[in-house]
Structures are given as structure tokens and as C-alpha cells.
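K.L.:
Each protein sequence line maps, in turn, to chains A and B. Position 146, counted from 1, in the first sequence is what my numbering calls 146; the numbers after and before it change by one each time, with no gaps. Position 348, counted from 1, in the second sequence is what my numbering calls 348; the numbers after and before it change by one each time, with no gaps. All C-beta atoms in this analysis are idealised placements derived from N, C-alpha and C, irrespective of residue type, glycine included. All values reported here derive from a predicted model rather than from experimental measurement. A single structure is presented below for examination.
2 protein chains.
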Amino acid sequence: MVKRTNDGDDTDRPPESGAGPATGSAWGLPPDREPGPETGRAPERPADAVTRRAAGVNLLALRSHNAALVLDLLRTAGPEGVSRLELAERAGLTPQAVSKITARLREEGLATDAGRRASTGGKPRTVLRLIPEAGHAVGVHLDRDELRVVLVDLDGRVVGERRAPLSLGAGAEAVLDALLGEVTEVLSDALGSGALSAPLGVGVALPGPLDHTRGVLHRVTGFPEWDGFPLRDVLAARLGVPVVVDKDTNAAALGLAVGGERGSFACLYLGTGLGAGLVIGDVVHRGARTGAGEFGHQVIQLDGPLCSCGNRGCVEALCLAAMGRGDVAEAARVLGEGAANLAGLLDIDAVLLGGRTIMAAPEPFVRGVAVVLDAHARREGSREGAVPVRLAPGGARAVAEGAAQLLLGPVFGRRDG
Amino acid sequence: MVKRTNDGDDTDRPPESGAGPATGSAWGLPPDREPGPETGRAPERPADAVTRRAAGVNLLALRSHNAALVLDLLRTAGPEGVSRLELAERAGLTPQAVSKITARLREEGLATDAGRRASTGGKPRTVLRLIPEAGHAVGVHLDRDELRVVLVDLDGRVVGERRAPLSLGAGAEAVLDALLGEVTEVLSDALGSGALSAPLGVGVALPGPLDHTRGVLHRVTGFPEWDGFPLRDVLAARLGVPVVVDKDTNAAALGLAVGGERGSFACLYLGTGLGAGLVIGDVVHRGARTGAGEFGHQVIQLDGPLCSCGNRGCVEALCLAAMGRGDVAEAARVLGEGAANLAGLLDIDAVLLGGRTIMAAPEPFVRGVAVVLDAHARREGSREGAVPVRLAPGGARAVAEGAAQLLLGPVFGRRDG
DNA sequence: TGCACTTTGGCAACAGCGTTGCGAAAGTGG
DNA sequence: CCACTTTCGCAACGCTGTTGCCAAAGTGCA
């Protein structure tokens with residue numbers, strides 16, 4: 001039902017990566033071709049992809065942009081729905097344009113009526129809502145010791161889930177087999193239980209570093225054997241649907257951005273390591289090399305204790321050392337100083353905390369970080385007050401859900417950054 | 001000749017701030033009304049302006065977007081010009097669409113023929129170029145001890161300039177009078193020497209903090225009497241043209257972004273203080289409160305020496321202390337550590353150095369910062385190598401030129417961030 | 001109960017965008 | 001001089017959002 005939004009440049013777009021021949025349901029098919037580690041897309045200079053994209057806007061691009069925007073407004077409104085006039089006001093379009101767009105969305109099965117509003121003296125407004133079942137995506141969280149697969153609908157609701165223990169160091173074949181198996185299971189469960197259209201694709205989130213634009217892993221921390229592995233293309237070839245790969249922190253941040261966190265914010269995740277997902281102006285910021293978010297190896301103590309990365313005085317080293325001593329307050333303070341540096345540099349609207357270590361003792365961390373940010377704001381005389389600190393919502397499934405949003409986001413017009 | 005790009009929402013847009021009745025050339029007119037500190041625009045909640053702007057795209061918006069894009073490509077091509085087919089390829093539009101757009105630009109006096117290319121076996125391509133004289137903007141750099149005003153054409157070339165000593169602490173009236181005087185002088189010089197269309201407006205860059213969206217100053221460092229002064233609206237009322245206000249570091253960064261520096265980069269300015277201008281994806285990042293770029297008060301030495309801001313161990317304090325001891329190498333090293341934190345956090349493409357202190361001894365700073373970034377990159381095993389460090393080009397006029405780009409940028413489709 | 005009024009939202013005509021088909025213009029090369 | 005290539009404008013077209021208009025569906029007062 002849902003097609004990926006057409007950007008109007010379908011004339012010379014490279015073919016969908018590994019989409020291969022659509023032999024019925026391609027799920028669970030044996031690999032019809034095994035791309036070697038070097039068989040990726042045509043090598044494109046990353047600089048080109050960033051510095052000057054063809055920014056000319058087509059009528060087709062305009063159409064899909066506005067349709068995606070209206071769809072996003074419908075999604076944001078939730079099950080209560082929105083009226084056409086409200087959509088028009090929020091989108092900055094005329095009511096008649098919205099009428100045409102919503103008529104198309106209804107024809108495509110993406111939207112439907114949802115009752116009417118109370119009259120204000122005239123004809124009551126007809127309320128529209130998204131049909132969440134019109135599209136699905138798979139989100140995979142490939143963690144160091146666990147694999148989690150979720151199936152979510154257009155609304156972002158989880159409609160299927162599986163977990164399995166897994167070691168990232170068990171070798172590519174073992175990990176891929178486990179991943180493909182769990183994904184297939186989740187999908188066949190959903191297919192058995194009800195009507196399910198073909199999924200839009202699979203998003204995979206895992207610890208970095210990696211190249212998001214090409215979907216190639218670099219040396220995953222602690223598992224150098226993955227270096228250079230073209231995960232996206234291998235998975236796309238085996239699954240027969242589009243695959244997107246991203247860092248776990250970015251996926252989590254994307255999930256929050258889609259889930260209602262507006263503006264610019266940073267999610268700090270403290271677990272085996274310390275990383276950050278950055279959202280700037282509602283867009284996940286990855287950087288040209290998918291290297292953004294290196295929060296943990298920010299130096300906040302010149303010539304401080306040696307960190308595993310080779311530098312001295314990194315936030316991560318100080319924070320984990322404090323945790324090793326059982327000094328949560330100091331760990332939170334150190335984290336707060338790093339967060340204050342980040343907040344000052346980017347003028348973000350919120351700091352969100354997550355990760356296993358923080359979830360084990362949320363309150364002292366949130367308070368400790370807030371205290372540092374408050375102190376900085378007061379000393380610098382900020383008129384807006386300190387950046388608010390909150391716990392990142394979503395729990396243990398957040399990364400997998402965010403991974404699914406790597407596919408759902410474009411449907412609602414979200415750009416990558 | 002040049003009208004500001006129409007975004008298609010001119011139905012309910014607030015009137016151009018202080019544009020007033022156009023009584024001939026409004027320059028140098030006595031103030032016909034003096035807006036008090038509270039007579040600004042209708043107060044708009046900053047959250048709204050950031051979190052959800054009406055993103056629906058109009059046919060009018062599409063038209064002006066594509067026209068601005070083509071104009072930008074013409075500007076980038078320089079005096080040699082570009083052919084229609086090249087424009088079409090770069091813009092992602094069909095040649096025929098480009099023909100129509102360039103025909104309009106030629107009618108409006110913004111573009112013209114510039115010879116032809118050598119034939120490749122058929123009709124030779126006609127080359128088009130921008131007409132730089134079709135539009136101008138004024139850039140003002142309001143520094144602590146000096147005032148600099150430049151007049152630039154569409155190409156960004158400086159066609160008029162004036163300097164005057166000035167103390168920001170001399171009081172609002174004195175500073176405003178000096179500013180208005182110099183601006184009027186620059187314009188009348190240009191009017192006398194040749195044909196000059198009415199300028200697009202005036203961009204003013206000064207040390208922060210301030211509110212870029214409203215054009216209101218906060219407590220300019222060291223000059224608390226400016227707190228809350230609505231500089232944009234006051235100047236707009238007196239000059240009768242649009243005015244945009246921004247931090248000096250942001251203006252400088254914008255100037256570099258327009259001047260050819262692509263992608264994402266940071267400009268670090270070391271003078272009486274230490275600040276940064278951030279460009280992320282070709283867009284200046286200011287943050288919702290125009291607070292981004294607080295590079296100098298990044299803490300890199302927990303419990304270090306006290307800084308003027310009240311915190312301890314700020315880069316600025318350490319850097320300036322080292323300079324006070326004459327230890328340029330240590331200052332560069334400290335600066336480099338801060339730059340490494342920034343580069344890791346944002347995955348930027350380049351670090352540019354500027355400011356009076358650095359220009360006094362450029363080579364040791366560039367080398368010292370590069371050494372630190374190299375060391376970090378090597379230790380972390382970056383496959384792309386270290387972030388390149390360069391001197392920010394442009395010299396002493398860079399900030400004023402960038403201020404003028406605050407007005408020119410929108411003509412070429414540059415969004416604010 | 002009936003009528004005036006308000007508000008919503010679809011139908012139809014329209015202006016204007018980029019696209020396509022086609023041909024004139026302006027070169028090269030034999 | 002002619003065949004060929006390439007550029008680029010004119011004209012028709014499809015599709016976008018916009019405007020004008022009117023039916024539909026309520027409220028509220030007589």
C-alpha cells in the first residue's frame with residue numbers, strides 16, 4: 001500500500017539495493033546471490049553526496065512532499081484524528097489542496113474518516129485519521145549480547161517482537177543467520193495472525209562505527225572482524241527488501257524525534273560505553289562519515305586518566321571509573337559537565353538520558369546532570385533557564401523501534417541528516 | 001531589481017519590519033517614528049517558530065525555490081558562466097525548465113549571456129552568468145572598539161567600505177548615530193559613483209549574546225546597558241529597509257559557507273574571547289535561542305582555574321591564560337583539545353581558525369591544533385584521517401562581509417538554521 | 001416546524017509549474 | 001554543399017495548488 005515517497009528523480013536513480021527479482025514473498029528465500037565484501041554499490045565519493053545534492057524541485061516532488069507532510073500530520077494527531085481545515089492551517093496549504101491530497105490518501109488506503117467534530121454553528125468538521133495497518137517496517141537491534149527484532153505499523157506501534165541471545169563476535173554467518181531467522185519468524189507470525197502488507201523494509205541498528213550512507217560496518221567496537229562488512233547490501237540481497245543500517249544511538253534518537261520530541265536535543269546513552277544521538281532541527285545529525293555523537297570521548301580533564309581510546313580524560317573513562325568505585329554522584333556530575341559542553345555548543349532544547357547503566361539508577365543521574373546544567377546556566381546568566389534533563393522514554397525496545405523508523409521516516413517526509 | 005524570494009506565504013505575513021512608507025530614498029531620513037523597546041513585532045513564541053513551521057510547498061514557493069537555486073548555481077559558476085544544460089544537470093531539472101527559469105532571470109535583469117562554449121560537433125552552448133550589480137546589501141560589523149561597514153554586490157564583492165573607531169559602551173544613541181552615519185556615507189558614495197539599485201537591506205553582526213530571530217540584544221559581553229535593546233526594529237525603522245542582526249561568529253561562518261566552504265565546518269575565533277560559528281550541512285546552526293557556538297566556555301579541565309563566566313576549566317580561560325604567559329604552543333594545544341571534542345561530537349569536515357589573536361601568530365596555532373586532531377584521529381583509528389585545519393580566509397573584513405550575506409543568502413535560497 | 005444563518009467541503013474552471021514533442025538555429029565534418 | 005550533431009525555444013500537455021461557486025449539514029431563532 002505504502003510506496004516509498006517518490007522524490008521525482010526516479011529517472012536515473014540507482015536500482016533499489018538488492019531488491020532483486022520479486023519472486024513472490026522474497027522473505028526467507030535462500031540467497032540467490034552472495035555479494036562479496038567488495039560488491040557494493042557503485043562507489044560514490046561521499047563528498048558529492050553531501051556538498052551539493054540536486055535540489056531542484058519537481059511537481060512530482062512537490063506532490064509527494066505535501067502528501068508526506070499531510071500524512072505526518074495525520075500520524076501526529078493520533079487516533080482522534082484531524083479535520084481538513086486544521087490540516088490546511090498546519091501545513092500552510094489551502095483547504096481545497098488538503099481536500100485533494102486527503103482524497104488521494106484515502107484512495108490509497110492510507111487514511112480514512114474518523115467521525116466528526118461538534119458543530120460550531122455550521123456543518124461539523126469531518127475528522128480524518130491515519131490507517132496504521134497500511135504499512136509496516138521491521139526494526140532490528142543488533143546489540144553486543146542480544147538480538148531484538150520488532151515489527152511496527154505506520155503509527156510506530158509494535159505489532160510483533162522477538163528476542164534472542166547473540167554474540168556479535170560469533171562470526172558473520174552465525175549472526176546473519178540468527179538475524180534472518182528472527183526477522184522471518186516475526187513476519188510469519190504477523191502474516192499468520194492477520195492481514196499484513198509487504199513490509200517497507202528492514203532497519204538495523206548496531207553499535208558503531210559504520211557508514212550509514214553505504215551501509216558498511218567499520219570496526220565495531222570490540223569486534224574487529226566486522227570491519228568493512230557491507231551489511232546493508234548483504235541483508236538486502238538476502239531479504240529482497242530495502243535495508244537501512246545505522247548506529248544504535250542514532251536509531252534511538254530518531255525514534256524519539258518521531259515519537260514527539262521536537263526541535264533539537266541530545267540523547268546520552270551510558271552502558272558498556274557512552275555515546276550520544278543528536279537531533280538538530282527535527283533531523284538526526286550523523287555527519288558525512290556517520291561519526292557524529294562521539295560524546296564519550298570528549299576530553300573534559302586535560303592529562304586525566306587514560307581511556308580505552310588512547311586519549312586522556314575522556315568523559316567515558318571518568319564516568320565509568322566513578323561507576324566502578326560505586327560513586328554514582330560523581331559519574332552523574334562528570335556526565336553533566338559533558339552535557340553542559342554539548343548544550344552550550346549546540347543550544348539544544350533538551351537532554352535525554354538512557355542506557356543500561358542509567359536505567360539501573362535513573363533518579364540520581366537525572367538529578368546530578370540537571371544540577372550541573374543548572375549551575376552553568378545560572379553562572380552564565382541564561383535568561384531561558386537551564387536545558388531540561390529527562391529520562392529517554394521507550395525502555396529496552398527503543399533502539400529496535402527507532403531502527404524501524406529508519407524506513408518509516410521517509411514515508412512521512414523526514415529527511416536524513 | 002532583486003526582490004526577496006517569495007516563500008508563497010505572503011497572505012498573512014507580518015509587514016516587513018519598519019519598512020515604512022517609501023518616501024523616495026529612505027536613507028538618511030530622520031526617524032519618522034521611534035519604536036520604544038517594547039514596540040517590536042507581534043510577540044511570537046520562539047518554540048512555535050522552531051518546532052513546526054508550515055512546511056507545505058506551494059507552486060509559488062516551488063517557483064522561487066528553483067529560481068533561487070539556479071541563481072545560486074550562476075553565482076557559484078563565477079564570471080565564466082554556466083550553460084543551460086549544465087545548470088539543468090546540477091539542479092536536477094530538465095533543460096527546458098532551466099530555459100524558462102533563466103529567461104525569467106534575464107527579464108528581471110539578474111542574468112545575462114556571457115559568450116559561448118566551444119562546439120562539440122553541434123550548436124555551441126550559450127553561457128549564462130549572474131549580473132552582480134543587480135542587487136546590493138550592506139554589512140555592518142559592530143565590534144567592541146571599531147565599526148566597519150561594507151557594501152557588497154550579489155556576487156559578494158565589496159564595492160564600498162568605511163571604518164570608524166567606536167566604543168560599544170558609548171551608549172545606544174551614540175552608537176546608533178555612528179552606525180547610521182557610516183551606512184549612509186557608504187551608500188551615498190556608491191550612489192554617486194555609479195548606478196546602484198536600492199539595497200536589499202542591512203545585516204549587522206556584533207558580539208553576542210542576542211536573539212537572531214527577533215533581532216534583540218541580550219547583555220552584550222561587557223556592556224550590560226544593551227540588554228534587551230531591539231536593535232533590528234530600531235534600525236529598520238530608521239533606515240526603512242529590512243535589517244537582520246546576528247552574532248559576529250555566525251556572520252563570519254555564513255560568509256565562509258557562501259564563499260565556497262561546503263558541508264559542515266566550525267570556525268573558531270580567538271580574540272578578546274573565544275567563540276565559534278557552526279555550519280552544519282551548508283546551513284549556519286544558531287539554535288533556537290541563538291546560543292549555539294559557545295565554544296569558549298566548554299570545560300576541558302574539571303575543577304580547573306576559574307573563568308570569567310564563573311565556571312572552572314573553560315577552554316577560553318586556559319587558552320587566554322597560556323597566551324598571557326606567552327605560551328602559544330600550550331594555547332594552541334588547549335584550543336586543539338576543544339576542537340577535537342567538537343569535531344568528534346559533530347563529525348565536521350573542517351576546522352577553520354580566525355580572530356585577532358590567531359592572526360597575530362597563525363602558523364603555530366594551525367599547526368598546534370592540527371597536531372592534537374591528528375593525535376586523536378590516529379589513536380581512535382579513524383579511516384578518513386584527521387579533520388583538516390586551516391586558517392579562515394577573508395581577513396579583517398570577513399565579519400562585515402558575512403553580515404551582508406545575511407541579506408543576500410535568502411536571494412540564493414539559503415535557509416537559516 | 002420552518003427559515004435564516006454558519007460552516008464544511010466537493011465540483012469545475014483556471015493560472016502556472018515542469019514535461020514532452022518538435023523544429024529552427026548554429027555549429028562541425030566530409 | 002550537404003549530412004549530422006547539438007542547443008534551445010515554441011507549443012501542447014499533464015498536473016499542481018487556487019479560486020469561485022454551490023450543495024450538504026448542522027445551529028439557532030421565530
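Can you give the Cα-Cα distance for Glu225(B) and Gly171(B), rounded to whole angstroms?
P.N.:
Within the second sequence, numbered from 1, the residue matching residue 225(B) stands at position 225. Within the second sequence, numbered from 1, the residue matching residue 171(B) stands at position 171. The straight-line gap separating the alpha-carbon atoms of Glu225(B) and Gly171(B) is approximately 8 Å.
K.L.:
By DSSP, does Gln432(A) sit in helix, in strand, or in coil?
P.N.:
Residue 432(A) lies beyond the stretch modelled for chain A, which goes from 1 to 417, so this question has no answer here.
K.L.:
Would you check if the region 212 to 222 of chain A and the region 253 to 266 of chain A touch, i.e. whether three or more CB-CB distances between them fall below 8 Å?
P.N.:
Touching, no.
K.L.:
Please list the partners that Arg219(B) has in chain A, where partner means a Cβ-to-Cβ separation under 8 Å.
P.N.:
On the second sequence, residue 219(B) is found 219 positions in, with the first residue counted as 1. Near Arg219(B) (Cβ distances below 8 Å), the residues of chain A are Gly381.
K.L.:
Count the C-beta pairs between the region 367 to 382 of chain A and the region 339 to 355 of chain A that are closer than 8 Å, then say yes if the count reaches three, no if not.
P.N.:
yes
K.L.:
Does the region 163 to 177 of chain B come close enough to the region 142 to 151 of chain B to have 3 or more Cβ pairs within less than 8 Å?
P.N.:
Judged by Cβ distances under 8 Å, the region 163 to 177 of chain B makes contact with the region 142 to 151 of chain B, as three or more pairs qualify.
K.L.:
In whole angstroms, what separates the C-alpha of Ala392(A) from that of Pro79(A)?
P.N.:
Your numbering for residue 392(A) matches position 392 in the first sequence. Your numbering for residue 79(A) matches position 79 in the first sequence. If you take the alpha carbons of Ala392(A) and Pro79(A), they lie about 24 Å apart.
K.L.:
Going by beta-carbon coordinates alone, are Ile131(B) and Thr102(B) separated by less than 8 Å?
P.N.:
One-based indexing of the second sequence puts residue 131(B) at position 131. One-based indexing of the second sequence puts residue 102(B) at position 102. Their beta carbons are not under 8 Å apart, which means Ile131(B) does not touch Thr102(B) by this criterion.
K.L.:
Using a Cβ-Cβ cutoff of 9 Å, what residues of the region 336 to 353 of chain B are near chain A? List them in chain order.
P.N.:
Glu337, Gly338, Ala340, Asn341, Leu342, Ala343, Gly344, Leu345, Leu346, Asp347, Ile348 and Asp349
K.L.:
In whole angstroms, what separates the C-alpha of Gly381(B) from that of Arg125(A)?
P.N.:
The residue you call residue 381(B) lines up with position 381 of the second sequence. The residue you call residue 125(A) lines up with position 125 of the first sequence. Approximately 60 Å, taken between the alpha carbons.
K.L.:
With a 10 Å radius around its C-beta and 16 neighbouring C-beta atoms as the bar for buried, classify Gly313(A) as buried or exposed.
P.N.:
For the purposes of this step, residue 313(A) is taken as residue 313 along the first sequence, with counting starting at 1. Buried: at least 16 other Cβ atoms inside 10 Å.
K.L.:
Less than 8 Å between the C-beta atoms of His218(A) and Arg90(B), yes or no?
P.N.:
Here residue 218(A) refers to the residue found at position 218 when the first sequence is read from its first residue. Here residue 90(B) refers to the residue found at position 90 when the second sequence is read from its first residue. No, Cβ-Cβ distance for His218(A) and Arg90(B) is not below 8 Å.
K.L.:
Just verifying my parser: in three-state terms, what is the DSSP assignment at Phe365(B)?
P.N.:
Counted from its first residue, the second sequence places residue 365(B) at position 365. Phe365(B) falls in the helix class under three-state DSSP.
K.L.:
Could you tell me which chain A residues have their CB closer than 8 Å to the CB of Val299(B), listed as they occur along the chain?
P.N.:
In the second sequence, residue 299(B) corresponds to position 299, counting from 1. Near Val299(B) (Cβ distances below 8 Å), the residues of chain A are Ile300, Glu337, Ala340 and Asn341.
K.L.:
Taking Cβ positions, are Leu353(B) and Leu231(B) nearer each other than 8 Å?
P.N.:
Locating residue 353(B) in the second sequence gives position 353, counting from the first residue. Locating residue 231(B) in the second sequence gives position 231, counting from the first residue. At least 8 Å separates the beta-carbon of Leu353(B) from that of Leu231(B).
K.L.:
Can you tell me the Cβ-Cβ gap for Asp349(A) and Ala288(B), rounded? I've got them flagged as a contact below 8 Å.
P.N.:
For the purposes of this step, residue 349(A) is taken as the residue at position 349 of the first sequence. For the purposes of this step, residue 288(B) is taken as the residue at position 288 of the second sequence. Confirmed, Cβ separation roughly 6 Å.
K.L.:
Which two residues bound the contiguous alpha helix (DSSP H) that contains Val186(B)?
P.N.:
Counting from 1 along the second sequence, the entry for residue 186(B) is found at position 186. Secondary structure note for Val186(B): its alpha helix (DSSP H) is the uninterrupted segment Ala172 to Ser193.
K.L.:
What does a CB cutoff of less than 6 Å around Gly402(B) pick up in its chain, not counting 5 residues either side in sequence?
P.N.:
Working through the second sequence from its first residue, we reach residue 402(B) at position 402. Cβ neighbours of Gly402(B) within its own chain (closer than 6 Å, five residues either side excluded): Ala251, Ala252, Leu254 and Gly255.
K.L.:
DSSP on Pro79(B), reduced to helix/strand/coil?
P.N.:
Here residue 79(B) refers to the residue found at position 79 of the second sequence. Correct three-state label for Pro79(B): helix.
K.L.:
Looking at Leu196(A): is its Cβ nearer than 8 Å to the Cβ of Arg75(A)?
P.N.:
Position 196 of the first sequence, counted from the first residue, corresponds to residue 196(A). Position 75 of the first sequence, counted from the first residue, corresponds to residue 75(A). No, the Cβ-Cβ distance between Leu196(A) and Arg75(A) is not below 8 Å.
K.L.:
DSSP on Arg148(B), reduced to helix/strand/coil?
P.N.:
Looking up residue 148(B) in the second sequence gives position 148. Three-state result, Arg148(B): strand.
K.L.:
So Gly291(B) contacts chain A; which residues on that side make the cut at Cβ distance below 7 Å?
P.N.:
One-based indexing of the second sequence puts residue 291(B) at position 291. Correct list: Asp347.
K.L.:
In three-state terms, what does DSSP make of Arg433(A)?
P.N.:
Within the shown structure, residues of chain A are numbered from 1 to 417, placing residue 433(A) beyond reach of any answer.
K.L.:
With which residues is Leu274(A) paired in a DSSP beta bridge?
P.N.:
Taking the first residue of the first sequence as position 1, residue 274(A) is located at position 274. Beta-bridge pairing links Leu274(A) to Leu270(A).
K.L.:
So, helix, strand or coil for Lys247(A), using DSSP?
P.N.:
Your numbering for residue 247(A) matches position 247 in the first sequence. Strand, per DSSP.
K.L.:
Could you tell me which residues DSSP puts in a beta bridge with Ile280(A)?
P.N.:
The residue labelled residue 280(A) in the question sits at position 280 within the first sequence. Paired residue(s): Val283(A).
K.L.:
If I measure Cβ to Cβ from Arg84(B) and keep anything under 8 Å in the same chain, skipping five residues before and after, which residues do I get?
P.N.:
As a first step, residue 84(B) must be located in the second sequence, where it is residue number 84. Closer than 8 Å at Cβ, skipping near neighbours: Pro95, Val98, Ser99, Thr102, Arg125, Thr126 and Leu128.
K.L.:
For His141(A), which residues does DSSP report across the bridge?
P.N.:
On the first sequence, residue 141(A) is found 141 positions in, with the first residue counted as 1. Answer is Arg148(A) and Ala205(A).
K.L.:
Considering only C-alpha positions, which residue in the set Arg379(B), Ala343(B), Glu316(B) and Gly344(B) is nearest to Ala331(B)?
P.N.:
The residue you call residue 331(B) lines up with position 331 of the second sequence. That would be Glu316(B), whose Cα lies nearest to the Cα of Ala331(B).
K.L.:
Beta-carbon of Arg250(A) versus every beta-carbon of chain B: anything under 8 Å?
P.N.:
Residue 250(A) sits at position 250 when you count from the first residue of the first sequence. Position check: residue 250(A) holds Asn in this sequence, whereas Arg was assumed. For Asn250(A), the answer is no, since every Cβ of chain B falls outside 8 Å of its Cβ.
K.L.:
Given this structure, state the Cα-to-Cα distance separating Pro410(A) from Glu107(A), to the nearest angstrom.
P.N.:
Against the first sequence, residue 410(A) aligns to sequence position 410. Against the first sequence, residue 107(A) aligns to sequence position 107. Their backbone Cα atoms lie some 20 Å apart in a straight line.
K.L.:
Going by the DSSP bridge assignment, what does Asp113(B) pair with across the sheet?
P.N.:
Along the second sequence, one-based indexing puts residue 113(B) at 113. BP columns for Asp113(B) point to Leu128(B).
K.L.:
Hey, Val175(B) and Leu168(B): beta-carbon distance below 8 Å or not?
P.N.:
Looking up residue 175(B) in the second sequence gives position 175. Looking up residue 168(B) in the second sequence gives position 168. Yes.
K.L.:
Distance check for Ala322(B) and Gly395(A), CA to CA, integer angstroms please.
P.N.:
For this step, residue 395(A) is matched to residue 395 along the first sequence. For this step, residue 322(B) is matched to residue 322 along the second sequence. Their Cα atoms are separated by approximately 46 Å.
K.L.:
State yes or no: is the beta carbon of Ala137(B) nearer than 8 Å to at least one beta carbon in chain A?
P.N.:
Translated into the one-based positions of the second sequence, residue 137(B) becomes position 137. It does not; no Cβ of chain A falls within 8 Å.
K.L.:
Look at Gly493(B) and Gly203(B) and say whether their C-beta atoms are less than 8 Å apart.
P.N.:
This structure leaves residue 493(B) out entirely; chain B is present only between 1 and 417.
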